[in-house]
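The sequence shown: position 104 = 1028 (the numbering used here), numbered continuously.
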Amino acid sequence: MSKLEKTPSGGKLLYGLTAIFDRPEKLVHAAETVVKEGYEDYDAYSPYPIHGLDTAMKLKRSMIGVVTLIVGLTGGTLLVLFAWWTNSIDYPLFIGGKPLFAWPSYVPLTFEMTVLFGAVSTVTALIVVWLGLPRNSHPLHDTEFMKNVSDDKFGLAIEAKD
């Protein structure tokens, strides 16, 4: 059955089990317990980042830094290749005995293009890949649970499929 189907009795399916805590230490302890029990489809909710929660949840290290580095270096390399091709092959200008491709003049441009490509790829990867957006709804949106954990409480949700 999908999440949108109803049970034979006509009621909605249970999304999962949620718990609300009033201290971040309790949330970290609960996350450690959930991992120890072998659950895999769960998530923690907090109004601010909690030190040690990612370790307690056994989350893998994010690859977003690697994506940023690779795409940023690609952008800088493409700019250098484009500048070299334009100034040395496509439209060479011989002015005052200067070399056709004087690389020091392109260092600031290369830096800027690297930063631009890296920033755009980071935002794109964050929105599309890691957050899974655009996502228009989630079963926990507009629930009392979300209202509590987005203000001053901490929450843990274990999906029913687990």
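Heads up, the beta-carbon is just placed ideally off N, CA and C, and yes, glycines get one too.
Beta-carbon proximity check, residue i vs residue j, cutoff 7 Å
| i | j | result |
| --- | --- | --- |
| residue 946 | residue 1083 | no |
| residue 959 | residue 982 | yes |
| residue 1078 | residue 970 | yes |
| residue 1089 | residue 963 | This structure leaves residue 1089 out entirely; the chain is present only between 925 and 1086. |
| residue 955 | residue 980 | yes |
| residue 990 | residue 1049 | no |
| residue 968 | residue 951 | yes |
| residue 944 | residue 1072 | yes |
Residues that residue i bridges to, as DSSP identifies them
| i | result |
| --- | --- |
| residue 899 | Residue 899 lies beyond the stretch modelled for the chain, which goes from 925 to 1086, so this question has no answer here. |
| residue 940 | 1083 |
| residue 969 | 1079 |
Whole-number beta carbon distance between residue j and residue i, since they are thought to touch under 8 Å
| i | j | result |
| --- | --- | --- |
| residue 1038 | residue 999 | 6 Å |
Residues near residue i in its chain [Cβ-Cβ closer than 8 Å; skip 5 each side]
| i | result |
| --- | --- |
| residue 926 | Note that residue 926 has pLDDT 41, beneath the 50 cutoff, so the model's placement of it is unreliable and no number is given. |
Cβ shell of residue i (< 7 Å), same chain only, five flanking positions each side left out
| i | result |
| --- | --- |
| residue 1051 | 1057 |
Original post:
Between the stretch 1024-1033 and the stretch 1000-1008, are three or more C-beta pairs nearer than 8 Å?
Top reply: yes
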